[in-house]
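Residue numbers (my numbering): 7 to 109.
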C-alpha cells in the first residue's frame with residue numbers, strides 16, 4: 007500500500023470496499039460513516055483490522071499469527087490502485103476533455 011494512502015482521510019473514493027483473498031466475504035462502506043465512527047486519521051491497516059474482527063481467521067494485535075500452513079485472514083481493499091473510481095456512474099465514464107473548449 008503506498009505511503010500516500012496510509013490514512014482513511016487519504017482514501018480516494020466515496021465507497022470503501024473490502025474483500026477477502028481467500029473466501030467470498032465482501033462489503034462496502036461509506037467513507038463519511040467510517041470517518042465518523044473511527045476518525046479520519048485512522049490508518050488503513052488499523053481500519054482493516056477493525057472491519058475484519060468478526061472473521062474467523064483474523065488475529066488480534068499481539069496474538070500469535072498463523073503458521074505457514076494455517077488459514078489466515080485475507081482482507082484487503084480491492085479498489086486501491088484502480089485508475090478510475092469504481093463508484094463512478096456509467097454515464098460519466100464516457101466524458102472526455104475537449105481541447106480548446108470555452109475561452
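Cβ atoms here follow ideal geometry from the backbone N, Cα and C, with glycine treated the same way.
Note that this is a predicted model, so its numbers are computed, not measured.
Subject >> Strand pairing of residue 32, partner residues [DSSP] >> reply: Paired residue(s): 25.
Original post:
Would you report the Cα separation of residue 28 and residue 43, rounded to the nearest angstrom?
Top reply: Between residue 28 and residue 43, the C-alpha separation is close to 27 Å.
Original post:
In angstroms, rounded to a whole number, what distance separates the CA positions of residue 59 and residue 34?
Top reply: If you draw a straight line from the Cα of residue 59 to the Cα of residue 34, it comes to about 15 Å.
Original post:
Using the beta-carbon count (16 or more within 10 Å), is residue 53 buried or exposed?
Top reply: Sixteen is the threshold: when 16 or more other Cβ atoms of the shown chains lie within 10 Å of the Cβ of residue 53, as they do, the residue is buried.
**OP:** Per DSSP, which residues does residue 38 bridge with? Please list them.
**Re:** Answer is none; residue 38 lacks a bridge partner.
Original post:
When the Cα of residue 14 is compared with those of 56, 61, 51, 46, which residue comes out closest?
Top reply: Comparing alpha-carbon positions, the option among 56, 61, 51, 46 lying closest to residue 14 turns out to be 46.
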